[in-house]
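Contents: one structure, followed by commentary.
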Amino acid sequence: MSDYNVLVGGAAGQGVETLAALIEKAFHRHGLWVFGVRDYMSRIRGGHNFAQVRVADRPLHGPRRRLDAIVALNEETVRLHRDRLAENGKILSDAGLAVTDPALLSLPLERTARELGDPRVAGSLALGVVGASFGLDRAIVEGILAERFAGETLAVNVKALHGAWEWVTRHFPLPLGPRPERDRILVTGTEALGLGVLAAGCTFSAWYPMTPATPLMTFLSDRQGEAGIVVEQAEDEIAAINMALGAAYAGARALCATSGGGFSLMVEGLSLAGMTETPLVIALMQRPGPATGFPTRTEQGDLAFALTAGHGEFPRLVTALRTPADAFRQAARAFNLAEKYQLPAILLGDQFLADYVQSLPPLDFGSLSIDRQLLDPVAVGPDGEYLRYGLTGSGVSPRLLPGKVPGQVVMLCSDEHTPRGNITEAADVRTAMVNKRMGKQAMLSREVEEPEFLGEDGPVLFVAWGSTYGPLREAVEALNGEGHRVGALVFGDLWPLPTGRLQEKAPGKLLVNVEQNHSGQLARLLRQETRIACDRSLLKYDGRPFTADDIIVWSREEVL
Amino acid sequence: MSDYNVLVGGAAGQGVETLAALIEKAFHRHGLWVFGVRDYMSRIRGGHNFAQVRVADRPLHGPRRRLDAIVALNEETVRLHRDRLAENGKILSDAGLAVTDPALLSLPLERTARELGDPRVAGSLALGVVGASFGLDRAIVEGILAERFAGETLAVNVKALHGAWEWVTRHFPLPLGPRPERDRILVTGTEALGLGVLAAGCTFSAWYPMTPATPLMTFLSDRQGEAGIVVEQAEDEIAAINMALGAAYAGARALCATSGGGFSLMVEGLSLAGMTETPLVIALMQRPGPATGFPTRTEQGDLAFALTAGHGEFPRLVTALRTPADAFRQAARAFNLAEKYQLPAILLGDQFLADYVQSLPPLDFGSLSIDRQLLDPVAVGPDGEYLRYGLTGSGVSPRLLPGKVPGQVVMLCSDEHTPRGNITEAADVRTAMVNKRMGKQAMLSREVEEPEFLGEDGPVLFVAWGSTYGPLREAVEALNGEGHRVGALVFGDLWPLPTGRLQEKAPGKLLVNVEQNHSGQLARLLRQETRIACDRSLLKYDGRPFTADDIIVWSREEVL
Amino acid sequence: MTSPRRFDVQEERAWCPGCGNYVLLACLKEALHRLDKQPHEVLICSGIGQAAKLPHYIKVNCFNGLHGRSLPAACAAKIVNPALAVIVSTGDGDSYGEGGNHFLHAIRRNVDIAHFVHNNGVYGLTKGQASPTMDLGRSTPGQAGGVRSDPLNPLALAISQDAGFVARGFTGEREHLIELMKAAIDYRGYALVDILQPCPVYNKVNTLQWYKERVRPLGGEHDPADRLAAFAQSLEGDDGGIPIGVIYRKDKPTFADRLSHLAAGAALVDKALDPRAARVFMDPFF
Amino acid sequence: MTSPRRFDVQEERAWCPGCGNYVLLACLKEALHRLDKQPHEVLICSGIGQAAKLPHYIKVNCFNGLHGRSLPAACAAKIVNPALAVIVSTGDGDSYGEGGNHFLHAIRRNVDIAHFVHNNGVYGLTKGQASPTMDLGRSTPGQAGGVRSDPLNPLALAISQDAGFVARGFTGEREHLIELMKAAIDYRGYALVDILQPCPVYNKVNTLQWYKERVRPLGGEHDPADRLAAFAQSLEGDDGGIPIGVIYRKDKPTFADRLSHLAAGAALVDKALDPRAARVFMDPFF
Ligand SMILES: Cc1ncc(C[n+]2csc(CCOP(=O)(O)OP(=O)(O)O)c2C)c(N)n1
Ligand SMILES: Cc1ncc(C[n+]2csc(CCOP(=O)(O)OP(=O)(O)O)c2C)c(N)n1
Ligand code: SF4
Ligand code: SF4
Ligand SMILES: [Mg+2]
Ligand SMILES: [Mg+2]
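Chains as they are written, first to last, in our numbering: chain S, 64 to 623; chain L, 64 to 623; chain Z, 5 to 290; chain W, 5 to 290.
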C-alpha cells in the first residue's frame, strides 16, 4: 500500500466523526501511518461535514487532495467531492441514497442496521465495509469497537461489523504487512498538546468554551480526576485568565486556552502577567477572524496580534506549534520558560493542527523535565525581608510562593512597583523595573530555537511557521524528489525571533513566505527583525488548510 | 519678556491645578504664549503634584527644564525642584513654611487668608503675587477670577488678589506689550480634541473612566446638554465599545475613549468593527504600562499594540495626535475616514498631550466638513434587496441606516457573511470578503498624510510620532539656531504607514528615532514597512515627557 | 403583507430537528405580526450561539454581534433611534455567562428594549458545556465530574434589581409565549423574558416533556406588582412547579425619560451635523 | 507578636484625611488579630482604585491585580492553596461595575473567600464619577445632568443568588464591623460584606454623619436564615433605616467540597510534578 485517501462525509449529527475515528484507528493498529483531517461546519445538525483519512506505509504530514474512496452518508457528499475521486476510486454508500455513479459500491447499510434493530450501528457497518475492503484484520477492528462500546451496544456493533465484513468482496486487495507491536500512537494536535500539558505538571486551568480550543480543555477536564488537577469553566475569558494568574501566583502551573475572540478578552490579563512577572501559558488556537469569523476552520491570522497583544511593553514567549509531536514538547518547554523568566508564554496553534490526527512514534515523557526555578523557602530567613521584585544580579527576581515562609509575605502589584512590590511613582525605580522586565526578553532571546530547515539548499527557500509545517514538508520532499532544489525554514519560536539560521540561509535565494493569512504576517516580522524581505508570497485565507498539492502546483507555476 | 518658566507645586488637594490654570490664563490674556504641563500622582490628597507654566512672546511647543520661579505650596516643592531654579530665579512661598533660601520671597499668604476668613483664597493671593511680580494688568486677572467664581466667593478672592498685588514689590519688572484682542485660545490637548469631536458631529459616546482619557469624556459629558448628544458611562469598557458599535450601526457618529488597559478590553469589539465594517473612532490616550503602570503619567507604549490589536485581519486607521491643534483636526478627519471606509479609526494620544495647555490661534471650525458617505435611502427601492456587504465596483459596500427604508433591512454580522449579511461557510465568499475588507486598507493607504518635516536637511534626521512633536520641534529649532543642520519627520498617520517622505529624506542621513517607550516601536514599524533602519535611538520611559533640553543635550553628546 | 409571513426569509436554518428555537422563532414572528410591526421597524440584536442565529431567519434589521455583547449594542441602537423596536434574542450562555455584567447593568439603565433569553441550560453551539442555568452536579463535556457551581437564577436577579418587566416563557406553550413576547415588546423599559427552550441534543434532562410536567402558568392569584411575592415565585423550582408568565411588573421611567437634556422626540440619528455649530464651545478658551 | 501591630507596614497611605478606608483597614487588622492569623497565612486580593490600595498598607500576602478582576484571582488562589485565608478588599466600582460578572459568578462558585466591598458610591481614584451604587439623579464629574441608572443593590443580588453569607457593615461602627469581618472570614464559602465607607472628598451626600443618622443594626428579631425576610431587609433604604449586620446566612457546600476528585486535604500547590506520571494518559492512543 502506498498512499490511500478516504473521505467520510455527511451531515452534522450523522456520525462522520465517529466513523472516521474508527477507520483511522483501524488502519493505525495495522501499523500503517495515518493522517486525518476534519472539515466541520459551525452547527450541530445538518449542513455538510467531512473527514479525510489518509493512510500510507510511511509517515504522513498533511492532507491530500485526490481521493481513493468516498464513504458517503448522504448524497451531498458525493456531489461535493466526486471531482476529487481518483480514476479507479470507489464510492461506498447506502443503497437507500439516490446516488448513481459508475464508481458506486451500493451497500444495504441502513436496512441492515434496521434489521439489527439499532440505526446507530450504521457506522460499524460502514467500518466493516471499509475494513474488509482494505483487507484489515477483523480481530483488530473488533478490538477498537470494544474500546469504545460495552455490553449490549458492543454486541450489536460487533454483529454489524461481522455482517458487513462478510458481505463485502474485497475491492482493494491490500497486501498489509505483518501487524506490528503497538509501538505507535495516533493522536490529534489537541491530544498531543494535552499530553504535553499534563506532562508539564499543569495543575490549574481555567477556560471558557471556544472552538477550536475547546477540545483541549475537554481533554484536560476529562482527566482532571485521574490527574488530580483542577480544570474550571469560567464565566468569561477575563475571569479565566485572572483565575490562571491567581493560581500561578499561589503556586500552580496554570494554563488558559482559547481562540482569537477569547484571546482578545484576555490581553489585559496578559499585560498583568507581564507587569507582575507571573508565569502563565496560553494556548491560542487560531481560527479565521475577525470577530466570529469561521468558528470551525483554520487560519494563521493572529501572529501579529500575539506578538504585541496587551498594553504597554513586556517580555513574552511566542511559539507556534508545528506538529502534534512539537506541540507536546513545546507545551512542556513553555511551562519551564514561563517559570524560568516569570513571563507569559503563548503557544500558537490553529484549528488544522488542533483537529488533525496523525500516527506518530510514542511521545517521550522521559525526555521532559520540570524546572520551576522557585526560591527555596529556607533561603529566606524571617529576618531579611523577601522582595518579590528584587533587583538581583541575575536579571530575574527570586520567586517565592505565598504562605510558605512564616513572617514573609509575597506582594504582587499591577502598578509600577518597588522591589518589595509596593506602588511607586519614582522615575528611577520605573526605569530600573522596565529595564529588568525587558532584560528578560534579551535573556530569553538567547535560548530561543532556530527554525527547522527542511529539504535542500537551492534557489528557492520557503519560510513558514506553525502548522503549515506538515503540508510544506510533504511539498518540499516531493519537489526535491522531482529534482527541484528547494528548502524551507519553518519557525516554531517566533518571539523573541531567532534570526541566525535565516540570516545564514536567505542570501541569494528567492524567499517565499507560505502562510495561512492575508497579509503575510511572518514576512512582516522577518522584515522588522532582520530587514530580510520575502520576494513572493503564497497566502491562503479561505479557512481550509494547505495541502502539499497546493504548494507544489503553485511553486511549479510561479517560482520553479 | 523672552521665556519664563514658573513651577507651582504642592500636595494633591492643595489647589495646584487651580492656581496654575489661573496663572496660565492670566499670562495668556496678556497676549503671551503659554505652555503648561502637569505632573500629578495617582492619588486624591497628599503626595506631590506640580504644574509648570511657561510663558514667552512667541509660540511654545514643550516644557522647559530650567525654572525662573517656584510657587511652593509646601516645603517639599522647594526640596524637589530647587536645583532647577535659574540663578536669579525666585521662590514664592508662604511665610509659614519652613523654607530658608536666598531666593525666597516669603509671603504671608495663609495668614492673610485666615484674616480674610477663607483659607481657600490662598490661591488668589498667590495669583496676585505672581500677577504683580510679572507686571500684569490687574483688571485682566480680576476678569479671570470672575469667570471662575461668583458672589461672595468672588468678592473675597478679588480682595485677596488686591491685597497681594499691593503687598508685592515688583520683582520681575516685565515690560509687557499692549494687550491684544482676544484672538488666541488657551487649551489642553484634551480640550482641543473634544472640540474636534464636537465639530465632527459625534452624537454618541460611551466610556468607562480611565486616566488620562477621563478629561475628554468629562469635557463631552459636561456639554452633552448643550450639544444635544449622549455621553454614557458604561459598566465596563467592553460595554462601552459595543454600545458605540450599536450606536454607529443605528446611525450615530460614535466615539470611545480610554487608556491602554481599557483598550485591551475593547479589542474584541475593535475586531467586530473590522468584520462588520462599522465606523468607529477610538481615542487611545496612552499612559505607562503594562497593567496599571503609572496611571497619571505619559508614555508612547501602545503603538505596536494599536497597529494589530484585535484578532484576525482587518483594516484600520491609526493616527497619532501631535499637538492640540492637530488633535482638533485629526478628530474630525478620523470620523470622516471611518465612515468613508467603514472601519475603526484609532487616535493615539497620551497623557502629556492630553494634559498640557498651550496658547494657540483659534481652531478653524469653518475648515472642517462632515462627510458621511451614507447611501441615499431613495436609491434603495423596495424591490431591489439592499445588500449591506454588497461587492460593488467601488470596493466599499453601500451603507444604509436601519429603519430608514420601508421593506429594507440592514444586516450586521460578526461571522463571515454573504453580501446580504447572512452567515456563510463558503470558501469563495470568504476570499471575496477578505479581499474587500483588506482592499479598503489599500484605498486608505492612498490618502494617508505624510509626516511633517521640521528643520533642515542635513546629516541627522530625527523620526518621531505623536506628542513628542512639541519638544522635538523646539529642539530642532534650537539646534538649527546653533548652526546644526538637523531635521525631523514627525508622523501623525501611522497605519497605513505613509512611506514616501521617509524614503525621500532618509538616504544618507543618520536616522534617530525619538520615542517615549523602551523598544522603539516606530523604528520597528519603519523597518517592517520600508526596511529603513534607525541608526540611533533616544528613548525615555520613566513616565515624564521629553523636554527640548533632553533632546538637545543628548544630541550634542551622541550624534552631533 | 398582513400575515406573519412578511417576516420570512429564505435562509437555511442551522438548528437541529426538534429544537425549541424553531418554536421560539415562530412565536416571535407572530408576536411582531400581532403588534403590527413592519420589518424595517424592528431590530433584533444577538450574540453568538445557536440561539443567536435567530435574526438570520427573520426579515428584520439584525445586529448579530459578539458573544455576550448584544445588550450594550441594543441599548445604544435604541438610544440613537427610538423609532426602532429593539429586541435582544440570544442564548443563556450569551446573556448570563459571557454577558452577565451587561445583563446586570441593562436592568439599571432601563432602556426600552425586550430581552428574550433562549434558556436551554447548555452552550449549544460549542457542543454542550453547562450554561450558567444548568443544575449542580450534571456532567457535561467540559464539566467532567459534574457542574460545581450553583445555577444562576435570572428572574430572581432581575427582581432583586427592580427590573420593570420580568417573565418566564416556555416554547411548549406557544400562545402564552406569543402574548408574553408582545407584552415585553410593548412594555416601556427593559423587559426580560427567560424562555425555557429544550435542547434535545445536549440537554437530555430538561426536555420538552420534562418541562411540560412542571410548568405552571401564573394565574390571577399572583400579583405581579408585589415585589416580595414575585421574588418568592422566582425561587420556585421543580417541586412547586415552574411558574411561567409575568412574575414582576412595574412602571418606571425609562432611560429616554431620564435623558432630560434631549428634547422629547429628538432622535440622535436625525440630528443635523455641522462643524460650525460647535464653534460656540471654543468661546471659554479665549 | 500578639497585637494587631504585627500587620503593620511602613508605607505612606495615599488616602485622603478623614477617609473611611483608614477605619476599614484598622478593623481588618483587628479582625485578623482576633482570628489569630499570621501575616503569611493571609492573602488579600484587590483591583484598582483607592480602596484597592489597602493590601499595600497591611503586612499580608497581596495580589493587587486589575481593576474589577480580583475575585477570579482570589478564588483560584484559594483553590490552589486552601491553607491561605483569602480576602478580597476592594472598591464598589471594582466589585460591582467593572467586575460585576465575576461578582455574580463568584456567588455561584462558592469558593471559601471573604469579599469586603468599600462602598463609597463613587469612583474615588478617577475623581468622583458615580459608582453603580450611587443614587439616581446625582450629578458627578462624568454624569453631567445626573446619574441615569438605578442604583445597584448588591445585597439583594447576593440573596437572589443564594449567597451563603450576606452582610452590610459601616465604618462608623467599628466593633460591629470587626465582628462582621471575623464572621465573614470564618464562614466556609463566599461571604459578602458590603461596607458603607464615606468618601469625604467626592461623595458629599452619603457622609459619615448621614449614615450615622440612618444605619440600624439588625437585632434578634431578624432571622438571617429566612431568605424572604433577608430579601425584604436588603430592600430597606433611607426611610426605614439602613440595616447593618448579617442579613442572610446559610450553610452550603463550598467549591472545595464539590471538588470530589481531589483527595480531601490535598493542596494543588503541594502536588509533586513528574512528567513520567503523565505517561499513562498516552495509553489509549496506541
Ligand atoms: C468571546 C467568545 N468566547 C467564546 C465563544 C464561543 N462560543 C460561541 S457560542 C458559545 C456558547 C453559546 O451558548 P448559548 O449562548 O447558551 O447559546 P446556545 O448555543 O445554547 O443557543 C460560545 C461559548 C465566542 N464566540 N466568543
Ligand atoms: C480596565 C480599567 N478601566 C479603568 C481603570 C481606571 N480606574 C482606576 S480606579 C477606578 C475606579 C475605582 O472606583 P472604586 O472601585 O469604587 O474604588 P475607589 O477609588 O472608589 O475606592 C477606575 C475606573 C482601570 N484602572 N482599569
Ligand atoms: S444544539 Fe440544542 S439548542 Fe442548538 S440547535 Fe441543536 S437542539 Fe437547538
Ligand atoms: S477619594 Fe474618597 S475614598 Fe478615595 S481616599 Fe479620598 S476620601 Fe477616601
Ligand atoms: Mg444555551
Ligand atoms: Mg468606590
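Ideal placement from N, C-alpha and C gives every residue a C-beta, glycine not left out. This one's a predicted model, so the numbers in the text were calculated from it and none came from an experiment.
*Pull up the CB-CB distance for Phe377/S and Pro358/L, whole angstroms please, since I reckon it's below 8 Å.*
At roughly 17 Å, the Cβ-Cβ gap does not stay under 8 Å, so Phe377/S and Pro358/L are not in contact.
*Figure out for me which residue from Met286/Z, Ala281/Z and Phe259/Z has the closest Cα to the Cα of Asn114/Z.*
Among Met286/Z, Ala281/Z and Phe259/Z, the Cα nearest to that of Asn114/Z belongs to Phe259/Z.
*Own chain, CB closer than 8 Å to Lys568/S, minus 5 neighbours either side, in chain order*: Counting only Cβ-Cβ distances below 8 Å, and skipping sequence neighbours, we find Phe516, Asp520, Leu524, Gly550 and Leu552.
_On the CB-based measure, 16 or more other CB atoms within 10 Å of its CB, does Thr6/W come out buried or exposed?_
Per the 10 Å Cβ criterion, exposed.
*Output the distance between the C-alpha atoms of Arg436/L and Ile304/L, rounded to the nearest integer angstrom.*
Looking at the sequence shown, residue 436/L is not Arg but Gln. Approximately 22 Å, taken between the alpha carbons.
*For Pro534/S and Asp612/S, the rounded distance between their alpha carbons*: Here the C-alpha atom of Asp612/S lies approximately 8 Å from the C-alpha atom of Pro534/S.
*Name the chain W residues that come within less than 8 Å of Gly149/Z, Cβ to Cβ?*
What Gly149/Z touches in chain W: Ser264 and His265.
*Look at the Cβ atom of Gly194/L, then the Cβ atom of Ala89/L, and state whether they are nearer than 7 Å.*
Using a Cβ distance threshold of 7 Å, Gly194/L and Ala89/L count as a contacting pair.
*Which residue from Asn85/W, Glu102/W, Ala80/W and Ile52/W puts its Cα closest to that of Met306/S?*
Nearest option by C-alpha distance: Ala80/W.
*Cβ of Tyr127/Z versus every heavy atom of ligand 1: is any distance shorter than 6 Å?*
Yes, Cβ of Tyr127/Z sits closer than 6 Å to a heavy atom of ligand 1.
*Under the three-state reduction of DSSP, which class applies to Trp19/W: helix, strand or coil?*
DSSP places Trp19/W in coil when its eight states are reduced to three.
*Would you say Glu15/Z faces chain S, with C-beta separation under 7 Å as the test?*
Not an interface residue.
*May I ask which residues mark the beginning and end of the beta strand (DSSP E) holding Asp255/W?*
Here Asp255/W belongs to no beta strand (DSSP E), and DSSP marks it neither H nor E.
*Can you have a look at Glu178/L and say buried or exposed, based on whether 16 or more other CB atoms are within 10 angstroms of its CB?*
Per the 10 Å Cβ criterion, exposed.
*Counting only the same chain and skipping the five closest in sequence on each side, list residues whose C-beta sits under 6 Å from that of Arg152/Z.*
Excluding residues within five positions, none has a Cβ falling inside 6 Å.
*Name the DSSP beta bridge partners of Asn123/W, please?*
Paired residue(s): Leu200/W.
*Name, in chain order, the residues that DSSP records as bridge partners for His480/L.*
BP columns for His480/L point to Ile486/L.
*Would you please state the rounded distance, in angstroms, between the beta carbons of Phe428/L and Pro608/L? I believe it to be under 8 Å.*
Contact doesn't hold; Cβ gap of about 29 Å is too wide.
*Would you say the beta carbon of Asp96/W comes nearer than 6 Å to a heavy atom of ligand 7?*
As far as ligands go, the structure on display features ligand 1, ligand 2, ligand 3, ligand 4, ligand 5 and ligand 6 and does not contain ligand 7.
*asked:* Please report the distance separating the alpha-carbon of Pro424/S from that of Arg211/S.
replied: So the alpha carbons of these two residues sit roughly 23 Å apart.
*asked:* Using DSSP's beta-bridge definition, name the partner residues of Gly518/S.
replied: Answer by DSSP bridge pairing, in chain order: Gly550/S.
*Kindly give me the distance between the Cβ atoms of Thr211/Z and Pro221/Z, rounded to whole angstroms, as I take these residues to be in contact under 8 Å.*
So it is not a contact: roughly 19 Å between Cβ atoms.
*Using CA coordinates, which residue listed in Val69/L, Arg142/L, Gly502/L and Val100/L is at the minimum distance from Ala161/L?*
Per the C-alpha coordinates, the member of Val69/L, Arg142/L, Gly502/L and Val100/L positioned closest to Ala161/L is Arg142/L.
*asked:* Rounded to the nearest angstrom, what separates Glu621/S and Cys66/Z at their Cα positions?
replied: Each residue's CA atom was taken as its position, placing Glu621/S and Cys66/Z some 44 Å apart.
*Note down the Cα distance separating Met501/S from Gly337/S, rounded to an integer number of angstroms.*
Rounded to the nearest angstrom, the gap between the Cα atoms of Met501/S and Gly337/S is 10 Å.
*Selection of the region 476-487 of chain L by Cβ proximity to chain S, strictly under 7 Å*: Of all residues in the region 476-487 of chain L, Ser477, Asp478 and Glu479 have a Cβ within less than 7 Å of some Cβ in chain S.
*DSSP three-state call for Asn68/W: helix, strand or coil?*
Annotated three-state conformation of Asn68/W is strand, per DSSP.
_Quick check on the DSSP output: the beta strand (DSSP E) that includes Asp98/W runs from which residue to which?_
Unbroken run through Asp98/W: none, as it is neither H nor E.
*By Cβ distance, which residues of its chain are closer than 6 Å to Pro204/W, with the 5 residues on each side in sequence left out?*
These residues qualify, in order along the chain: Gly22.
*Would the C-beta of Ser93/W count as close to ligand 6, meaning under 6 Å from any of its heavy atoms?*
Ser93/W: no, Cβ never under 6 Å from ligand 6.
*How would you write the range of the alpha helix (DSSP H) that His624/L sits in, first residue to last?*
The requested residue 624/L is not part of the displayed model; chain L covers only 64 to 623.
_Ala55/W Cβ short of 6 Å to ligand 2 heavy atom set_ = At least one heavy atom of ligand 2 is nearer than 6 Å to the Cβ of Ala55/W, so yes.
*asked:* Please confirm whether Gly146/Z has its beta-carbon closer than 7 Å to some beta-carbon of chain W.
replied: No, Gly146/Z does not count as interfacial toward chain W.
_Amino acids of chain Z, ordered along the chain, whose beta-carbon sits closer than 8 Å to that of Thr355/S_ = The contacting residues are Ile52, Leu70 and His71.
*Separation of Ala167/Z from Ala495/L, as counted between CA atoms*: Distance between the alpha carbons of Ala495/L and Ala167/Z: 45 Å.
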